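Below you'll find the structure, written out as structure tokens, and then a few comments.
Residue numbers (the working numbering): 21 to 215.
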């Protein structure tokens, strides 16, 4: 029986997966302003792999794009956390979270990747997993901030995190669809019940 030396569970396979993911993230970042999807051949060329290796390691281009968009998004949330740590009041904290989340360059990318999940059961399960990671990290962050400042959360930090990100994703989806309005028309800060 033949085996591959570039399988998903090998060190070489892990390096190939990481190279494909990094190349996809780079392409997504550079294509953001163009609102167009990257192709498998572009990803393969940028990663220095054959197109079939993308399917081998990720199953589909949609799965790869979802993972790359979330990798960029989770990286950008560190900016959000840093901005929030500088806030001196609960009101300023809520406002900076709202402004920064809408300004993160990866927010539209992740919203488009979420929307592409459609009816694919595997993609939907992956979305649930990635959102669970985002919500849990956000809860831990909010809990730390609330504790450090002696603030309270009327709704609970878990609900605040889910409601906030749902509102951010919804606002981004509407803006991406061409609905007029902007951050000043939204009260994203009001979705966080921290006082």
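All C-beta atoms, glycine included, are put in the ideal place defined by N, C-alpha and C.
Quantities reported herein were computed from a predicted structural model and do not represent experimental measurements.
Identify whether residue 50 lies in helix, strand or coil by the three-state DSSP scheme. helix
Find out if the Cβ-Cβ distance for the pair residue 36, residue 77 is shorter than 8 Å. yes
Please classify residue 161: is it buried, with 16 or more other beta-carbons within 10 angstroms of its beta-carbon, or exposed? buried
If you draw a straight line from the C-alpha of residue 211 to the C-alpha of residue 183, how long is it? 6 Å
Reference residue 91; option with closest CA among 127, 163, 114: 127
To test your reading of the DSSP string, which unbroken alpha helix (DSSP H) runs of 4 or more residues are found completely within the segment 100 to 142? 110 to 123, 126 to 135
Between the C-alpha atoms of residue 171 and residue 192, what's the straight-line distance to the nearest angstrom? 29 Å
How big is the Cα-Cα spacing for residue 131 and residue 215? 29 Å
Residue 23 to residue 68 span [Cα, whole Å]: Unreliable placement is indicated for residue 23, whose pLDDT of 41 sits below 50; no coordinate value is reported for it.
Nearest neighbour of residue 177, chosen from 158, 138, 189, 186 [CA to CA]: 158
Which word fits residue 186, buried or exposed, when buried means at least 16 other C-beta atoms lie within 10 angstroms of its C-beta? exposed
Endpoints, the alpha helix (DSSP H) within which residue 194 is located: 177 to 196
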